[in-house]
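Residue numbers for the sequence shown follow our numbering, beginning at 1 and rising by one.
Below is one structure, written out as structure tokens, with a few remarks after it.
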Amino acid sequence: MKGVPKISVDGLVPQSHHLSHWKGNQTPPPLKADTSTEIVLRYLAHPNPKQFFPQVSIITNNHFDTDGLLSVWALLNPKKAEPMAGRLIAAAEAGDFASFSSEEGVQMNLLIEALAGSKESPLYSQREAYTGPKETFLYKMILPMLPDLFRRKDEYRGLWRESYDSIVQSMELFEKGTIGVEEHEPEGLSVIIDEQRPARQAIDHHCQGNLFLVIEDREREEGGFGYELEYRYYAWADTVTRPPIQPIPMERLAEHLNRHEGLRVGKWMTGGYPGQSMTSALKYVDDEGHRALSRLSPDQVLRLVLEHLQSRESDSGDSTNESTNESPSESPSESH
Numbered sequence: 001m002k003g004v005p006k007i008s009v010d011g012l013v014p015q016s017h018h019l020s021h022w023k024g025n026q027t028p029p030p031l032k033a034d035t036s037t038e039i040v041l042r043y044l045a046h047p048n049p050k051q052f053f054p055q056v057s058i059i060t061n062n063h064f065d066t067d068g069l070l071s072v073w074a075l076l077n078p079k080k081a082e083p084m085a086g087r088l089i090a091a092a093e094a095g096d097f098a099s100f101s102s103e104e105g106v107q108m109n110l111l112i113e114a115l116a117g118s119k120e121s122p123l124y125s126q127r128e129a130y131t132g133p134k135e136t137f138l139y140k141m142i143l144p145m146l147p148d149l150f151r152r153k154d155e156y157r158g159l160w161r162e163s164y165d166s167i168v169q170s171m172e173l174f175e176k177g178t179i180g181v182e183e184h185e186p187e188g189l190s191v192i193i194d195e196q197r198p199a200r201q202a203i204d205h206h207c208q209g210n211l212f213l214v215i216e217d218r219e220r221e222e223g224g225f226g227y228e229l230e231y232r233y234y235a236w237a238d239t240v241t242r243p244p245i246q247p248i249p250m251e252r253l254a255e256h257l258n259r260h261e262g263l264r265v266g267k268w269m270t271g272g273y274p275g276q277s278m279t280s281a282l283k284y285v286d287d288e289g290h291r292a293l294s295r296l297s298p299d300q301v302l303r304l305v306l307e308h309l310q311s312r313e314s315d316s317g318d319s320t321n322e323s324t325n326e327s328p329s330e331s332p333s334e335s336h
């Protein structure tokens with residue numbers, strides 16, 4: 001498809017026009033939104049959409065997920081997509097940002113993920129036998145299931161119900177105070193501690209920070225603690241209504257934690273390990289990238305994390321003051 005005019009929906013495909021929220025996108029500014037699904041809907045609702053991409057007849061994407069699927073479907077089915085706009089966006093937000101956007105949105109994302117990846121999926125045997133790219137197969141099979149999949153999702157409840165119940169249980173544990181939450185507003189940090197890692201949707205819904213320190217208390221059962229420091233789950237995307245989150249270098253913090261850790265089976269890592277999530281900033285892992293158990297107490301880890309964040313704030317403040325003193329008449333530019 002080289003040299004052929006095309007629209008890259010959700011992903012960033014080379015030599016194409018963009019309707020995407022991935023960082024580095026060239027989506028026209030009037031169309032930008034938090035999810036690619038909403039970007040497509042804005043494009044379709046524009047009074048003159050052809051002004052953006054004249055003579056384009058090919059739609060492409062470089063991966064399969066809920067936001068990508070719904071973006072492609074909406075672009076192919078504008079009249080059907082328009083009255084479903086809110087429902088489509090809710091499912092896309094649930095998928096890309098772990099947002100509890102609506103019950104249906106969360107359930108639809110879980111269903112689409114299960115249809116694509118679960119061994120219990122009715123598509124599983126065909127998917128395994130397919131010799132081409134799996135993404136091609138998934139778009140070919142699941143696109144025709146829309147929009148009826150929204151209406152028929154309860155027929156597939158065996159694929160999504162267990163995961164959904166686990167999310168709801170985490171939400172309820174937060175509401176009851178069973179899961180501990182400690183907010184450090186000046187540093188933008190939420191500390192979450194429980195025996196098992198809570199669902200991401202519950203963390204996103206109940207915590208205020210842009211950084212989450214998620215602690216699994218396994219001291220009684222296994223003699224240690226699991227730790228991961230994560231950005232809020234939309235941080236990887238180019239967002240509009242959700243305020244951008246600037247990444248913080250964590251290498252120095254990892255060095256300090258590893259020095260305090262001593263000889264253990266795990267290591268504090270900022271990245272480069274198998275299975276790293278898109279929003280993970282720092283995690284204690286074994287050689288295979290799995291969660292390992294640290295001997296450091298939550299108080300020790302929290303102290304070092306806060307010191308690191310506070311030192312970053314101080315460095316940023318000093319830098320800002322110096323810049324202001326040198327150029328008092330200029331205001332800093334903002335990047336969105």
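The C-beta atom is built at its ideal place from N, Cα and C for all residues, glycine as well.
Keep in mind it's a predicted model, so treat the numbers as computed, not measured.
Assigned with DSSP and collapsed to three states, residue 181 falls in strand. Residue 32 carries a coil assignment under DSSP once its states are collapsed to helix, strand and coil. Residue pairing of residue 22 in beta bridges, as defined by DSSP: 237.
For residue 265, there is no enclosing beta strand (DSSP E), as DSSP marks it with neither H nor E. The region 72–83 makes contact with the region 142–154; the number of CB pairs closer than 8 Å reaches 3 or more. By the Cβ rule, the region 42–57 does not count as touching the region 246–259, because fewer than three pairs are nearer than 8 Å.
A contact is defined here as three or more CB-CB pairs under 8 Å, and the region 148–166 meets this definition with respect to the region 98–112. Looking only at 55, 118, 270 and 11, the smallest Cα-Cα distance to residue 237 is reached by 11.
Cβ-Cβ separation between residue 20 and residue 4: approximately 18 Å, too far for a contact (criterion under 8 Å).
Per DSSP, residue 188 lies in no beta strand (DSSP E) and is assigned neither H nor E.
Nearest C-alpha to residue 289 among 227, 167, 97 and 160: 227.
Secondary structure at residue 58: strand, using DSSP grouped into helix, strand and coil. In this structure, the beta-carbon distance from residue 194 to residue 99 does not fall below 7 Å.
Nearest to residue 50 by alpha-carbon distance, out of 61, 211, 28 and 261, is 28. Ranked by how close their Cα comes to the Cα of residue 118, the residues 163, 76 and 78 have 163 in first place.
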